[in-house]
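These notes concern the structure reproduced below.
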Amino acid sequence: MSFSFKRWPGFLKTVLVIITGALAAAVTLFLVAVLAPEKVRAVLKDIGRAGETVSAILPPPLPAAQTPSKAYWLKQNWSARERFWFHHASQGTATFPVPYDWFVSLERAELAVFSTPKLLSDGDYLIRFGFIPSPRKLDGSASDFGYSKDSFNTNPAAEPEQFKNYPENPDGLPVGFAKLESGVEPATGEPYPAQLGFTCAACHTGQIRYRDVGIRFDGGPAMVNLGNLESAIGLSIFYTVYVPTRFNRFADRVIERAVKAGSPPADRSAFKEELKKKLRQTLDKIKHERDWSKEILARGNMTYIDEGFGRLDALNQIFFSNLLPPIAKEDKAFPEVLARNYARPDAPVSFPPIWDVPWFLWAQYDGSVQNELVRNAGQSLGVKTKLNLTEHSNPNRPLFRSSMKMKNIFWIEEMLRGPDPFADNAPGQTPKFKGLVAPRWKEVADIFENDPAWQVDDEKVRNGRQLYAELCVECHRGPVRDPEFDKERPDRRGAERFIHVGADGGGR
Ligand code: HEC
Ligand code: HEC
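With this note's numbering, letter number 162 in the sequence shown gets 564, and the count goes up by one each step, no holes.
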């Protein structure tokens, strides 16, 4: 069949209708994506692979921001300065894929039609991933974040060495975000600008929200979603590269920070060119790592497991991502020899509490680690300490050199551990932990004084102790600060799990 001229107008009309329809659908999809990304994601999920690809460029679904009107840090043997130091001192990691100044200049992974999206690093955005807000420094403002006013008026001169130049948190980032000062890349010798990394507190700080109050405690399980954060950052970089006008705003912020720091770029437009090139490289690297892990999973007939809030598979990957070629190299080939080093993150566990753990005989859920500094160092590699695993020809930068701050990791461990809880103890006596301890229920009961939900019923406690001894001790061992339990069930005492119980039964 051939078209006759007579039929053209009708045909044109149909084409026009189709184009308008498609445009309207695209605009609607875009608007819904801006206003309600979760809805679009749900629809895309149903349309299979193509939907998956589009869904990957939509912001991750996040709960709404809820800022408690009041907050408390519970008493756990640490001063406010020790706390704040633990929350922001760097262990030498560059967990985030971009330098510090870029991170605080990026906009959120959100699309906006009539306004400029706010910053990714804003506290009210990051709390939606489960992070806990933290003050810029320990001054009067810190009481809004749960620090009691009298707790940070200590005499710095009388404090241990690590607090002499304790970190500040100049951009008001959440608990566990630590700035790594600029340095030299151990594998390539290239200088790198200040980076941003996680410290222990990102994953080992707990918060319970009750009646608009934030109850905060160190060493408790975090309720964060690191997978969502990773996609939000990747997406934010993607939008910065591809959504018109975003890059310019981003670059202006980075330049403004350089000006404030006293090192303005000589040529702004050359600086922007270079910045864009590096940002694209970063995006490429993220994309390749993602594609490669997808490929490895597909080969093994496995799918990716979403860890969700409050869980993480921490024990994997170090020998995959650290061995990948450095970012500047253009090598895009699938890293065949490394594929075997990739372990599927398929066992996400809840972040364990870490009080008393320095006194355990063995740590980790699978009881796989005995020496805590080795454990901590391994953990620090897991959250991306800069490390030379590939270059062994330069004697000034030997193999295994890293940006790890062993001294800080040592101090962290010392603070967690505290003095020997078994010293001066009679045999069979309940140990007295003096490092970081679990918070006391009673302290919270006192905050919610007239609230029956928090009041303790002694009879229930007695019954619970019995049930615990029968049902839970097998795996969790006895409680560590309950002399009543030790008296009633000496056969199931909690102290047995600790390092002091050697052949001689004495201290370490
Ligand atoms: C990115 C999140 C993250 C960071 C950062 C992190 N941890 Fe952990 N940590 C975990 C997870 C998850 C586990 C449980 C892993 C397992 O056993 O499979 C764990 C386990 C532990 C354990 C063992 C607990 C037990 O009951 O055996 C200790 C102790 C510990 N971490 C201390 C630290 C210290 C100290 C730091 C900082 C130097 C740190 N962690 C940093 C997530 C993290
Ligand atoms: C067979 C071994 C076993 C027994 C018995 C057991 N648990 Fe557990 N429990 C575990 C393991 C393993 C985990 C960590 C699971 C994870 O995070 O994936 C856990 C986690 C928990 C947690 C959550 C901790 C957190 O931070 O998420 C609580 C609370 C708990 N157990 C209480 C109890 C109580 C109370 C009992 C007795 C009624 C009990 N458990 C009996 C093995 C056991």
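Just so it is clear, CB atoms sit at the ideal spot from N, CA and C, and this is done for glycine as well. If you're wondering where the values come from, they're calculated on a predicted model, not measured in any experiment.
Within the same chain, show all residues whose beta-carbon is closer than 8 Å to that of residue i, passing over the 5 residues directly before and after it, in chain order.
i	result
Leu476	Ile617, Arg618, Phe619, Pro841, Arg842, Glu845 and Val846
Val839	Gln478, Asn479, Trp757, Asp758 and Arg883
Glu691	Ser723 and Leu726
Leu699	Thr705, Tyr706 and Arg746
Tyr767	Val751 and Pro754
Arg611	Gln468, Pro470 and Ile617
Have a look at the options and flag the residue whose alpha-carbon is nearest the alpha-carbon of residue i.
i	options	result
Ser671	Asn650, Lys662, Gly664 and His490	Asn650
Thr495	Lys674, Gly780, Phe850 and Ala700	Gly780
Met704	Ser665, Leu637 and Ala745	Ala745
Arg530	Leu508, Thr607, Ala596 and Ala467	Ala467
Leu628	Lys836, Met817, Gly712 and Tyr474	Gly712
Ser804	Gln597, Phe673 and Glu587	Glu587
Pro823	Gln564, Pro800, Pro833 and Lys472	Pro833
Val785	Pro519, Gly599, Glu563 and Tyr527	Gly599
Thr497	Leu699, Ala855, Glu512 and Met806	Met806
Ile849	Arg867, Arg613 and Gly866	Arg613
Gly608	Pro576, Ala596 and Ser633	Pro576
Phe665	Asp503, His878 and Glu484	This sequence places Ser at residue 665; Phe is not what is there. Comparing Cα positions, the closest option is Asp503.
Asn773	Phe579, Phe753 and Phe812	Phe812
Gly830	Leu460, Glu890 and Leu873	Glu890
Leu528	Asp826, Ala700 and Pro465	Pro465
Pro537	Arg659, Lys696, Ala580 and Glu658	Ala580
Ala382	Lys836, Asp686 and Leu775	Residue 382 lies beyond the residue range present for the chain, which begins at 403 and ends at 910; the question has no answer from this structure.
Arg701	Arg611, Val751, Ile688 and Arg742	Arg742
Which stretch, first to last residue, makes up the beta strand (DSSP E) that contains residue i?
i	result
Lys582	Note that residue 582 corresponds to Leu in the displayed sequence, not to Lys. Element bounds for Leu582: Phe579 to Leu582.
Ile617	Val615 to Asp620
Phe649	It is not in any beta strand (DSSP E) - Phe649 instead sits in the alpha helix (DSSP H) that spans Arg648 to Lys662.
Trp475	Lys472 to Trp475
Gly599	Gln597 to Phe600
Gly608	Thr607 to Tyr612
Roughly how many angstroms separate the alpha carbons of residue i and residue j, rounded to a whole number?
i	j	result
Pro892	Glu561	40 Å
Ile534	Pro881	28 Å
Pro797	Gly591	12 Å
Pro569	Ser481	15 Å
Val771	Leu677	42 Å
Pro821	Lys662	44 Å
Asn479	Arg777	23 Å
Pro858	Asn852	Sequence inspection shows Val at residue 858; the Pro mentioned does not correspond to that position. Answer to the nearest angstrom: the Cα atoms are 12 Å apart.
Arg894	Asp888	7 Å
Thr684	Trp761	41 Å
His489	Asp715	22 Å
Asp526	Thr601	20 Å
Lys788	Tyr474	35 Å
Ala730	Ser550	Note that Ala730 scores a pLDDT of 47, beneath 50, so its modelled location is shaky; the value from the coordinates is reported in the next line. Whole-angstrom Cα-Cα distance: 47 Å.
Val875	Cys605	26 Å
Asn810	Ser545	26 Å
Pro747	Asp708	9 Å
Asp573	Ala765	34 Å
Leu763	Ala589	35 Å
Lys539	Arg864	44 Å
Leu818	Phe802	27 Å
Ser795	Leu740	21 Å
Asn630	Ala828	50 Å
Phe565	Trp487	7 Å
Gln597	Leu791	20 Å
Ala624	Asp693	29 Å
Arg867	Asn571	43 Å
Ala491	Pro499	19 Å
Cys877	Pro885	20 Å
Phe835	Met808	24 Å
Just curious, the alpha helix (DSSP H) that residue i is in, first and last residue?
i	result
Ala624	Run containing Ala624: none; DSSP gives neither H nor E here.
Val866	In the sequence as presented, Val is not what sits at residue 866; that position holds Gly. Counting along the chain, the alpha helix (DSSP H) containing Gly866 begins and ends at Asp860 to Leu873.
Lys844	Trp843 to Ile849
Gly780	Glu774 to Gly784
Ser665	Run containing Ser665: none; DSSP gives neither H nor E here.
Asp524	Segment: none, Asp524 is in no alpha helix (DSSP H) and carries neither H nor E.
Ala700	Arg670 to Arg701
Within the same chain, show all residues whose beta-carbon is closer than 6 Å to that of residue i, passing over the 5 residues directly before and after it, in chain order.
i	result
Arg655	Ser507
Val615	Pro470 and Lys472
Lys674	Ala653
Gly548	Ala473, Tyr474, Trp475 and Arg618
Kindly say whether residue i, judged by its beta-carbon, lies nearer than 9 Å to any beta-carbon of chain C.
i	result
Asn865	Note that chain C does not occur in the displayed structure, where there is just one protein chain.
Can you name, in chain order, every residue of its own chain whose Cβ lies under 7 Å from the Cβ of residue i, other than the five neighbours on each side?
i	result
Gly681	The amino acid occupying residue 681 in the given sequence is Leu; Gly does not appear at that position. These residues qualify, in order along the chain: Ile639, Thr642 and Val643.
Pro519	Glu509, Arg510 and Glu512
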